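Notes follow once the structure below has been shown.
There are 4 protein chains.
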Amino acid sequence: MVAKQLSIFLENKSGRLTEVTEVLAKEDINLSALCIAENADFGILRGIVSDPDRAYKALKDNHFAVNVTDVVGISCPNVPGALATVLGYLSAEGVFIEYMYSFANNNVANVVIRPISLSSNPTAPLMIPHELMIPITPAVAMPPIPMWRA
Amino acid sequence: MVAKQLSIFLENKSGRLTEVTEVLAKEDINLSALCIAENADFGILRGIVSDPDRAYKALKDNHFAVNVTDVVGISCPNVPGALATVLGYLSAEGVFIEYMYSFANNNVANVVIRPISLSSNPTAPLMIPHELMIPITPAVAMPPIPMWRA
Amino acid sequence: MVAKQLSIFLENKSGRLTEVTEVLAKEDINLSALCIAENADFGILRGIVSDPDRAYKALKDNHFAVNVTDVVGISCPNVPGALATVLGYLSAEGVFIEYMYSFANNNVANVVIRPISLSSNPTAPLMIPHELMIPITPAVAMPPIPMWRA
Amino acid sequence: MVAKQLSIFLENKSGRLTEVTEVLAKEDINLSALCIAENADFGILRGIVSDPDRAYKALKDNHFAVNVTDVVGISCPNVPGALATVLGYLSAEGVFIEYMYSFANNNVANVVIRPISLSSNPTAPLMIPHELMIPITPAVAMPPIPMWRA
Numbered sequence: 041m042v043a044k045q046l047s048i049f050l051e052n053k054s055g056r057l058t059e060v061t062e063v064l065a066k067e068d069i070n071l072s073a074l075c076i077a078e079n080a081d082f083g084i085l086r087g088i089v090s091d092p093d094r095a096y097k098a099l100k101d102n103h104f105a106v107n108v109t110d111v112v113g114i115s116c117p118n119v120p121g122a123l124a125t126v127l128g129y130l131s132a133e134g135v136f137i138e139y140m141y142s143f144a145n146n147n148v149a150n151v152v153i154r155p156i157s158l159s160s161n162p163t164a165p166l167m168i169p170h171e172l173m174i175p176i177t178p179a180v181a182m183p184p185i186p187m188w189r190a
Numbered sequence: 041m042v043a044k045q046l047s048i049f050l051e052n053k054s055g056r057l058t059e060v061t062e063v064l065a066k067e068d069i070n071l072s073a074l075c076i077a078e079n080a081d082f083g084i085l086r087g088i089v090s091d092p093d094r095a096y097k098a099l100k101d102n103h104f105a106v107n108v109t110d111v112v113g114i115s116c117p118n119v120p121g122a123l124a125t126v127l128g129y130l131s132a133e134g135v136f137i138e139y140m141y142s143f144a145n146n147n148v149a150n151v152v153i154r155p156i157s158l159s160s161n162p163t164a165p166l167m168i169p170h171e172l173m174i175p176i177t178p179a180v181a182m183p184p185i186p187m188w189r190a
Numbered sequence: 041m042v043a044k045q046l047s048i049f050l051e052n053k054s055g056r057l058t059e060v061t062e063v064l065a066k067e068d069i070n071l072s073a074l075c076i077a078e079n080a081d082f083g084i085l086r087g088i089v090s091d092p093d094r095a096y097k098a099l100k101d102n103h104f105a106v107n108v109t110d111v112v113g114i115s116c117p118n119v120p121g122a123l124a125t126v127l128g129y130l131s132a133e134g135v136f137i138e139y140m141y142s143f144a145n146n147n148v149a150n151v152v153i154r155p156i157s158l159s160s161n162p163t164a165p166l167m168i169p170h171e172l173m174i175p176i177t178p179a180v181a182m183p184p185i186p187m188w189r190a
Numbered sequence: 041m042v043a044k045q046l047s048i049f050l051e052n053k054s055g056r057l058t059e060v061t062e063v064l065a066k067e068d069i070n071l072s073a074l075c076i077a078e079n080a081d082f083g084i085l086r087g088i089v090s091d092p093d094r095a096y097k098a099l100k101d102n103h104f105a106v107n108v109t110d111v112v113g114i115s116c117p118n119v120p121g122a123l124a125t126v127l128g129y130l131s132a133e134g135v136f137i138e139y140m141y142s143f144a145n146n147n148v149a150n151v152v153i154r155p156i157s158l159s160s161n162p163t164a165p166l167m168i169p170h171e172l173m174i175p176i177t178p179a180v181a182m183p184p185i186p187m188w189r190a
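Protein chains in written order, with the numbering used here: chain A, 41 to 190; chain B, 41 to 190; chain C, 41 to 190; chain D, 41 to 190.
Now the structure itself:
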């Protein structure tokens, strides 16, 4: 599944982060996954939200610098080796990874992936092979990998 | 709950990432949360694993540059506004955030937080207030926040 | 010497970078040092300019997310070992480094340093010891280190 | 001019940075340009050195994680607008920028550029147009831009 990820500039990590969550809370928008790419002085909040278009507008209205990026969402079993299998599969398909974030919960691990082919050329068509958009069953003994829904 | 986070240098994002997951899979170590802090040329994999000491050793044995960092794990309800409440609570307690990553799954959102006070002075005692280590009940109507277990 | 560094969010690395330089050029402001702290999707331009206040205003007027940070500027001789001497001196004075950028030109290397003590607590007084603000003469045979002027 | 840039992982920003400069000083290697791409917990030192091969070996021998990256070095006049002209020229040639760092000194500004085309596909041939390797004279009134030598 391809999802819209928001990237939000946090000039001041803690303070602005709290503000972002408050803006989204006021709009009743859920932040289902997030990750901060930070430097010494500031951070970028990358997040998957329940309503990207409305979140984008609300943040812009509150004077945040926001950007939208295409990412891919995958669910895989929460067992040792499952991620290695998924990454091996992607690599065999020619999909290389810029960054990712993931969290396991009980039986599944939800993964957000940003493939290299999406970012190197902003005007290029979406390069994620179609097989990634549907449940995949790698060769090793592993249950089918359902798509994760934001 | 304070957890040990591993930071692993990936000179080559995609290739080394796959190798890390393979090294951990071979050791039967589960990667329950991860996030890549990347640059144009390389990445740093931040991860919470089922056995940090053994993971550290296995990665070192395979010539990875690895580092261990203290982080705090929290679970909160997966509803709009829950994260704003947690961040407001932390801020009121004087805990500021360097970075965090989080993922919701069904009813809960698991959060890994790296507070500023842990990193600015490597020799400083752990500055996380005791209240964070146990379930907290903020003033707004929200179920108690159980600690997340890696 | 303490200088004002601008940090400018570039949602799109190449395009926005060109725009920043054009905005500054139009205002006849010189960019005497710069460094991009980038991620896969965006960048932050850190720069020392000839007129920080006017640059800040011009960039804000052109809808850039801009931030101001205190940094320290030092000049040292452009010879092997000079930087090791400066860093050893700073470390002995309890000054730790968040980041720096530097460039040698003929006889001198100009260095911009962001010390940890300036960023970990935004309300803390400037923690750079006075000795760093004036020419310092380390113990090893090295010419005096004049302050660099932005 | 294409130069070899070293990227060195600093698990601990201040301490390891000092060690890097000491290793290079002992080998009588000069660090003519550097820039730290940092996170909250660690840094990556990007540097141009007088002898990349020997620097690489010395750092590896001292157990640093080191990487080599191709970058482009350019000199341009140290006047407002010169960088905008260079970036406009590069953009017109289809060269986009991942990151760069630059420092002015008296009459010239030395610039290190990492173009996108070099990093998105590690096996791609060098995509820097030949015109960048030689002095270029943009249309605006500006003295010729000589190549910078590491």
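Beta carbons are placed, not taken as given, at the ideal position from N, Cα and C, and that holds for glycine. In this text, all values refer to a predicted model and were calculated from it rather than measured experimentally.
Bridge partners - residue i, DSSP secondary structure assignment
i: G113/D; result: V152/D
i: K44/D; result: D110/D
i: G83/A; result: L50/A and E78/A
i: Y139/A; result: R154/A
i: A73/C; result: I88/C and F143/D
Cβ-Cβ separation, residue j to residue i (assumed contact under 8 Å), whole Å
i: N118/B; j: A149/B; result: 5 Å
i: L50/C; j: I84/C; result: 7 Å
i: R86/C; j: I69/C; result: 15 Å between Cβ atoms; not a contact.
i: V111/A; j: R154/A; result: 5 Å
i: I114/B; j: S54/A; result: So it is not a contact: roughly 15 Å between Cβ atoms.
Option in the options with minimal Cα separation from residue i
i: Y139/D; options: E62/C, C75/C and V151/C; result: C75/C
i: S90/D; options: N145/C, P155/C and R154/C; result: N145/C
i: E67/D; options: Y129/C, V152/C, A124/C and S47/C; result: A124/C
i: E59/B; options: D93/B, Q45/B, F104/B and E133/B; result: F104/B
i: V108/A; options: I114/A, D101/A, Y96/A and N102/A; result: Y96/A
i: Y141/C; options: V106/C, T61/C, A77/C and A65/C; result: A77/C
i: V106/D; options: R56/D, I48/D, L71/D and E62/D; result: I48/D
i: V63/A; options: F136/A, A98/A, D110/A and G113/A; result: A98/A
i: R56/C; options: D101/D, G128/D and R154/D; result: G128/D
i: A73/B; options: F82/B, Q45/B, N52/B and C116/B; result: Q45/B
i: G121/C; options: S54/D, A43/D, V42/D and L71/D; result: L71/D
i: L130/C; options: N52/C, D101/C and V151/C; result: V151/C
i: N52/D; options: V42/D, A43/D and F82/D; result: F82/D
i: A43/C; options: P92/C, T61/C and A65/C; result: P92/C
i: T133/B; options: N147/B, F143/B, I156/B and N102/B; result: Before going further, note that residue 133/B is Glu rather than Thr in the sequence given. The residue with the shortest Cα to Cα distance from E133/B is I156/B.
i: C116/C; options: D101/C, N102/C and F143/C; result: F143/C
Chain D contact residues for residue i, given Cβ-Cβ distances below 8 Å
i: D101/C; result: Correct list: empty, because the minimum Cβ distance to chain D is about 17 Å.
i: E133/C; result: Per Cβ cutoff of 8 Å: no residues; E133/C is ~12 Å from chain D at best.
i: L46/C; result: What L46/C touches in chain D: nothing, since even the nearest Cβ is about 14 Å away.
Residue i: contacting residues in chain B (beta-carbon distance under 7 Å)
i: E78/C; result: N79 and A80
i: F49/D; result: F49 and A105
Cross-chain neighbours of residue i in chain C, by beta carbon under 7 Å
i: R154/A; result: A80
i: A124/D; result: T58, T61, E62 and A65
i: D68/D; result: P120
i: C75/D; result: C75 and Y141
Contact list for residue i against chain D, beta-carbon separation under 7 Å
i: T109/B; result: D81
i: Y139/B; result: A80
Within chain A, partners of residue i - CB distance below 9 Å
i: V112/B; result: In chain order: nothing, as chain A lies at least about 14 Å away.
i: I84/C; result: F49, N79, D81, F82 and I84
Chain B residues whose Cβ lies nearer than 9 Å to that of residue i
i: K53/A; result: F136, I137, E138, Y139 and I156
Listed by chain order, chain A residues near residue i by CB distance under 8 Å
i: A144/B; result: N70, L71, S72 and A73
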